[in-house]
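Chemist:
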Amino acid sequence: MLDLMSSWVSHLPEEVAYGTVIGHGMNAAELAANPRLDRWFVQDLNQEPGLPLADASVDAAGLCVSVQYLQRPVEVLREVARVLRPGGTVAITFSNRCFPTKAVAIWQGLGGPDQCALVSHYLRRAGFAAVEARELASPQRWGGDPLWAVTGRREERHEG
């Protein structure tokens with residue numbers, strides 16, 4: 000499992016046991032303090048979108064509440080597609096909260112459904128198949144902040 004843009008906490012389900020969790024983030028001390036990570040690396044994806052991982056080396060990737068800070072999201076997501084095994088899934092989750100000084104301008108001008116459409120567009124441009132957007136938590140139904148998820152699957156390769 001690749002936990003992109005992580006920190007001292009991973010937003011992975013506690014009840015799920017992962018074989019290996021590879022963390023990525025911007026702060027070495029925070030990543031070192033994250034008990035869910037088996038290994039990690041520090042990298043500014045806005046400066047260098049290439050991931051230091053082998054092709055087809057991870058089963059799944061997650062990016063929690065941080066897609067709005069990517070300045071080159073399609074390039075980063077192409078790299079995610081490269082490191083995912085065929086059939087692997089990426090899940091991108093987000094809310095209506097962000098650091099306005101860090102979020103890209105287009106993000107701040109959109110609401111949740113349009114943000115889902117934007118992330119879906121990023122994934123399709125990066126080559127993902129079976130892109131799907133869902134509202135996971137509605138403020139009207141559950142109270143609190145909304146939560147959306149957009150997922151994409153790396154296509155299976157068929158030989159012959």
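Its first residue numbered 0, the sequence shown is counted upward by one per residue in numbering that gives the first Met the number 0.
Virtual Cβ for every residue (Gly too), placed ideally from N, Cα, C.
All figures in this text were calculated on a predicted structure; none of them were measured in a lab.
1) Using DSSP with H/G/I as helix, E/B as strand and the rest coil, what is residue 161?
2) Sorted by chain position, which residues of the same chain lie with C-beta nearer than 7 Å to residue 93's C-beta, five sequence neighbours on each side aside?
3) What did DSSP end up calling residue 16 once you bin it into helix, strand or coil?
4) Quick one: any contact between the region 78-92 and the region 118-137, if contact means 3 or more CB pairs under 8 Å?
5) Compare the beta carbon distance of residue 19 and residue 90 with 8 Å and say whether it is the shorter of the two.
6) Taking the beta strand (DSSP E) that residue 90 falls in, what are its first and last residues?
7) Note down the Cα distance separating residue 11 from residue 17, rounded to an integer number of angstroms.
Modeler: On the basis of the coordinates in this document:
1) Absent from the model: residue 161. The displayed extent of the chain is 0 to 159, so no value can be given.
2) 64, 66, 67, 114, 147
3) coil
4) Between the region 78-92 and the region 118-137, the count of Cβ pairs shorter than 8 Å is three or higher; the stretches touch.
5) no
6) 83-93
7) 10 Å
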